[in-house]
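The listed protein sequences correspond, in order, to chains X and V. Per my numbering, residue 83 is the first one in the first sequence, and the count goes up by one each step. Per my numbering, residue 237 is the first one in the second sequence, and the count goes up by one each step. Single-structure report; data block below.
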Amino acid sequence: MRAPAVTTPVAPTSRTLWGDAWRRLRRNKLAMAGLVWIVFMVILALSADLWVPQHFGDPERIDTENLLELQLQSPSAVHPFGTDRLGRDILSRIVYGARISLTVGVLATSISIVLGLFFGALSGYYGKILDTLIMRLADVFFAFPYILFAIALLAVLGRGYQNVFIAIGILGWPSIARVFRSSILSVKESEYVDAARVLGAGDSRIMVRHIMPNAIAPIIVYATMSIGSAILAEAALSFLGMGVTPPTPSWGLMLSEARGFLFSAPWLMIYPGAAILTTVLAFVLMGDGLRDALDVKLKEEG
Amino acid sequence: MTERLLEVDGFRMHFSTRDGVVKAVDDVSFTLDAGQTLGVVGESGSGKSVTALSIMGLVPSPPGEVVGGDIRFKGESICAMSEERMRHVRGNSIAMIFQDPMTSLNPVFRVGRQVAESLRVHKGASRAEADAQAVELLDLVGIPHAHERARDYPHEFSGGMRQRAMIAMALACDPDILIADEPTTALDVTIQAQIIELMEALQARTGTAIIIITHDLGVVADIADRVLVMYAGRPVEYGTAEEIFYRPAHPYTWGLHDSLPRHDVPGKSVLRPIEGQPPSLVDLPGGCAFHPRCPHATGRCRTEVPEPRDIHSGHKAACHYAGEPGFVRGSEPGATREVGA
Numbered sequence: 083m084r085a086p087a088v089t090t091p092v093a094p095t096s097r098t099l100w101g102d103a104w105r106r107l108r109r110n111k112l113a114m115a116g117l118v119w120i121v122f123m124v125i126l127a128l129s130a131d132l133w134v135p136q137h138f139g140d141p142e143r144i145d146t147e148n149l150l151e152l153q154l155q156s157p158s159a160v161h162p163f164g165t166d167r168l169g170r171d172i173l174s175r176i177v178y179g180a181r182i183s184l185t186v187g188v189l190a191t192s193i194s195i196v197l198g199l200f201f202g203a204l205s206g207y208y209g210k211i212l213d214t215l216i217m218r219l220a221d222v223f224f225a226f227p228y229i230l231f232a233i234a235l236l237a238v239l240g241r242g243y244q245n246v247f248i249a250i251g252i253l254g255w256p257s258i259a260r261v262f263r264s265s266i267l268s269v270k271e272s273e274y275v276d277a278a279r280v281l282g283a284g285d286s287r288i289m290v291r292h293i294m295p296n297a298i299a300p301i302i303v304y305a306t307m308s309i310g311s312a313i314l315a316e317a318a319l320s321f322l323g324m325g326v327t328p329p330t331p332s333w334g335l336m337l338s339e340a341r342g343f344l345f346s347a348p349w350l351m352i353y354p355g356a357a358i359l360t361t362v363l364a365f366v367l368m369g370d371g372l373r374d375a376l377d378v379k380l381k382e383e384g
Numbered sequence: 237m238t239e240r241l242l243e244v245d246g247f248r249m250h251f252s253t254r255d256g257v258v259k260a261v262d263d264v265s266f267t268l269d270a271g272q273t274l275g276v277v278g279e280s281g282s283g284k285s286v287t288a289l290s291i292m293g294l295v296p297s298p299p300g301e302v303v304g305g306d307i308r309f310k311g312e313s314i315c316a317m318s319e320e321r322m323r324h325v326r327g328n329s330i331a332m333i334f335q336d337p338m339t340s341l342n343p344v345f346r347v348g349r350q351v352a353e354s355l356r357v358h359k360g361a362s363r364a365e366a367d368a369q370a371v372e373l374l375d376l377v378g379i380p381h382a383h384e385r386a387r388d389y390p391h392e393f394s395g396g397m398r399q400r401a402m403i404a405m406a407l408a409c410d411p412d413i414l415i416a417d418e419p420t421t422a423l424d425v426t427i428q429a430q431i432i433e434l435m436e437a438l439q440a441r442t443g444t445a446i447i448i449i450t451h452d453l454g455v456v457a458d459i460a461d462r463v464l465v466m467y468a469g470r471p472v473e474y475g476t477a478e479e480i481f482y483r484p485a486h487p488y489t490w491g492l493h494d495s496l497p498r499h500d501v502p503g504k505s506v507l508r509p510i511e512g513q514p515p516s517l518v519d520l521p522g523g524c525a526f527h528p529r530c531p532h533a534t535g536r537c538r539t540e541v542p543e544p545r546d547i548h549s550g551h552k553a554a555c556h557y558a559g560e561p562g563f564v565r566g567s568e569p570g571a572t573r574e575v576g577a
C-alpha cells in the first residue's frame, strides 16, 4: 500500500540519506498515522500511573474493598470502557496491558534482530558450509507451526512474560536472518565493496562499515512490522493460557477472560480487541511506509 | 636504472568450473618499473581484469587457482603472501580504480570520508587528519570547492567527478602502482580525455607506475609506455607503445588497429571489424586461439600453439609467422603459406 505521492515543487537539497528518508516518510499519511498511534500508545503506557482510575501497576493502591460491587459494569463516565467480572476497570487494564504488549513486542524483536543479524551476517558474508548450515537450521524453524513451536518452548521455559518475549524472540530470528542474508548477498557483490577490499580494508571493517549500512534498510522495515507480529503472538499465547500469567494485565488474557461474556458484556472483548488491532496495524503501516521511504530506487524521483 | 616494481613471470590463473577448466590467464609475463605506464589491451574475457585482480591478490580461491608462474612485487611473491601482508600492500602500495565510478563509491558515506578511509586503514591517521588530507586529495584531482564537496554524498557527484574521487581514494596512500581497470569506459568521451590527462599529470607529480587496462587502443596510445595485447587469456603481443602502434607484428593487433576509427589517416573511413567472436575460454580452439578469426591462418596455426617470439629486443609476438619478412600489417592473406613453409 503506498500513499498517493504528494509532489512538492522544490525538493530541498538534503544533507543526509536518513534525512531524505524521513522527508519521504513524512509525506506518507498512512505511515504517519501509524507512527502517531504508536507514539500515543507509548505515552499512554508510560504515563499510566498518573491518571488511570485503578492502579494495576501498583497492587498497594488497588481498592479491593469495592471491587466486587463494580463487576461487569457497562461503559460509563467513571469507567469509560466498563469493568470486568472482578470489577476491574477495562481502560486501566488496557493501558497497563499496553506496557506488556509494547515491551514484549520490542524486546522479542530485539532478540530476533540480534540473533538474526548475527546468523544472517555469517551466512551471507562467509557463505559455503556455514551458509548451508544456518539456512537449513532456519528451515527447521520454519517447518514447525509457529504457535505450536511457541507453546512447546513456553512449556519448557515456563509461563511468565519474560519467557514469552524470549520464546517469541527466538522464533523470530530465522526470518530476519534470511532477509539480512539476501541483502548482504546483493551488497557484497557491489563494486564499492570491491573498492574497499582493494583499499586494504579487512573483513570486519568491510562488514561493519560498508555492507551493514547498505543492507540494514530491509531489516528496519522488517523489524518494525515484526514488533506488530510479536504483539499479536503475545496476545495469542496469552489467550491460549500459555503466555502472561494472570492477574498481569495483557490484551490476549483479557480477550480470553471475555469469552463467556460475548453477548452479556461485549465491552470486555471489544476494547482489548480494538487495542490489539490498532496497535498491530499501526506497526504494519509504519513498516510499509518505511519500506517506501528507504527504497533507494524511489529516491531518485524524490 | 629505475626500480623494478612488478615482475609477472609466466603467470597462469585457472578457474575450475562445472563446465571445465577456464584458463583465464595463461602464461602471461611482463615487468613494470617505477614511473612507467603499461597498457593492457584486449576484448572482454581476454584475461585483463583477472590479471589485475591477481596482482591485487583478490582472485577468490576456489575457483581461482594459480597453476604456474609468479607475480613479484619488489621481489616478493604476491602469490605466497599471507592475507595479512597482502592487505597491507593493497591500497597502500598497490591501489586500484574500477570501471564504473557510479557504483564504486559507497552510497551511504560522504565522499571525503571514503577518500579518507585508506589513510585511516594504512597510516593510522586520526579522523580529523584523514579528513583534512582527503580534502587536499580531492583538490589535487581537480574537484572544485573540495572543502565543501568532501561533505557531499556520492549521488551528488557527476560521473567524471566520481572517477576523480576514486582516483583521489586510490592515491591517498601514495601507492607505488596504480591499476586502472577500464577507468574511462563508463564516461563521456570528453571526460575520458580529462581523466587520462589527470592520471598523466598525477603520474608526473608522484612517479606512480600505472597499469591501465582497456579495450580501447586510443586510450593506450595517449598514456602507455609499454603495451601488452591479450587474447583469450594469453599474451599475443608485448612491446613499447611505438612498436605496437607503428610496427605491430601479430595479426590480432592488426585487427585491433583496423577496427579503430582514424581521422588522421586519409581514406580510412570504413572500420574493419575482426570477424567472428572471441572463443569460449572453456573450449579453446586447438593451436593458436586466434586462428579461427585470423585471415592468415595456416594448417600449422590449427595444431601448434605459438610461443611468444622475439621480433626485436623486448618486442614479442605469439604468432608462428610474426617478424617473417613480408608478413606485415596489410599483407594479403595467403602470403603466409609461402613464407611459413
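We put the beta carbon where it would ideally sit given N, CA and C, even for glycine.
When 9 Å is used as the limit between beta carbons, Gly198/X is near no residue of chain V, the shortest such separation being about 21 Å.
Under a 10 Å Cβ-count criterion, Trp100/X is classified as exposed, with fewer than 16 other Cβ atoms of the shown protein chains found around its own Cβ. Within the region 268-284 of chain X, Ser272, Glu273, Tyr274, Val275, Asp276, Ala277, Ala278, Arg279, Val280, Leu281, Gly282, Ala283, Gly284 place their CB atoms closer than 9 Å to a CB of chain V, listed in sequence order. Between Ser313/V and chain X, the shortest Cβ-Cβ separation is not below 7 Å. Ranked by Cα distance from Ile333/V, the first of Arg291/X, Ile298/X, Trp133/X, Tyr274/X is Tyr274/X. For Ile547/V, the enclosing beta strand (DSSP E) stretches over residues 545-548. Gly293/V has a beta carbon lying at 7 Å or more from every beta carbon in chain X. Closest in C-alpha terms to Ala416/V, from the list Phe345/V, Ser252/V, Ala288/V, Glu239/V, comes Ala288/V. Taking Val257/V as the centre and dropping the five residues before and after it, the same chain places the C-beta of His250, Phe251, Val518 closer than 8 Å to its C-beta, in chain order.
Shown here, Glu239/V sits in coil according to DSSP, grouped into three states, outside any helix or strand.
The beta carbon of Asp494/V sits closer than 6 Å to the beta carbons of Arg508 from its chain, once the five residues preceding and following it are set aside; these are given in chain order. With 16 or more other CB atoms across the displayed protein chains lying within 10 angstroms of its CB, Phe262/X is buried.
Using a Cβ-Cβ cut-off of 7 Å, Pro295/X is close to Val344 of chain V, given in chain order. Contacts with chain V at 7 Å (Cβ-Cβ) do not include His161/X. Scanning its chain for C-beta atoms nearer than 7 Å, with the 5 sequence neighbours on each side dropped, one finds around Pro300/X the residues Val261, Ser265, in chain order.
For the beta strand (DSSP E) assignment, the uninterrupted runs of no fewer than 3 residues enclosed by the region 248-293 of chain V are, from N- to C-terminal side, 256-269, 273-277. Distance check between Tyr488/V and each of Pro497/V, Leu520/V, Ala533/V places Ala533/V closest, using alpha-carbon atoms only.
Counting C-beta atoms within 10 angstroms of its own C-beta, Arg218/X has fewer than 16 neighbours from the protein chains shown and is therefore classed as exposed. The C-beta of Arg326/V comes closer than 7 Å to at least one C-beta of chain X. At a cut-off of 4 residues, the continuous stretches assigned as alpha helix (DSSP H) that sit fully inside the region 317-392 of chain V are 319-325, 347-358, 363-376, 382-385.
Apart from sequence neighbours up to five positions away, the residues of its chain that approach Arg462/V with a beta-carbon distance below 6 Å are Leu274, Thr476, ordered along the chain. Taking 7 Å as the CB threshold, Ser340/V lines the interface with chain X.
Rounded to the nearest whole angstrom, the C-alpha separation of Met338/V and Phe526/V is 34 Å. Contact of His358/V with chain X by beta-carbon distance below 7 Å involves Gly282.
At least 7 Å separates the beta-carbon of Met368/X from that of Ala103/X. In this structure Ser285/V is buried. Its beta-carbon is surrounded by 16 or more other beta-carbon atoms within 10 angstroms. Note on Thr191/X: 16 or more other CB atoms within 10 angstroms of its CB, so buried under the neighbour-count rule. When C-alpha distances from Ile120/X are compared across Ser183/X, Arg175/X, Arg106/X, Thr214/X, the shortest belongs to Ser183/X. Nearest to Gln399/V by C-alpha distance, out of Cys409/V, His358/V, Gly378/V, is Gly378/V.
From the beta-carbon of Asp410/V, no residue of chain X is found nearer than 7 Å; the closest lies around 13 Å away. Here the C-alpha atom of Pro298/V lies approximately 45 Å from the C-alpha atom of Asn245/X. In the three-state scheme derived from DSSP, where H, G and I count as helix and E and B as strand, Ala558/V is classed as coil. Using a CB distance cut-off of 7 Å, Arg483/V does not count as an interface residue toward chain X. Contacts between Ser354/V and chain X, judged by CB atoms closer than 7 Å, involve Leu281, Gly282 in chain order. A Cβ-Cβ separation of about 4 Å places Ala259/X in contact with Phe201/X under the 8 Å criterion. Around the beta-carbon of His383/V, fewer than 16 other beta-carbon atoms lie within 10 Å, marking it exposed.
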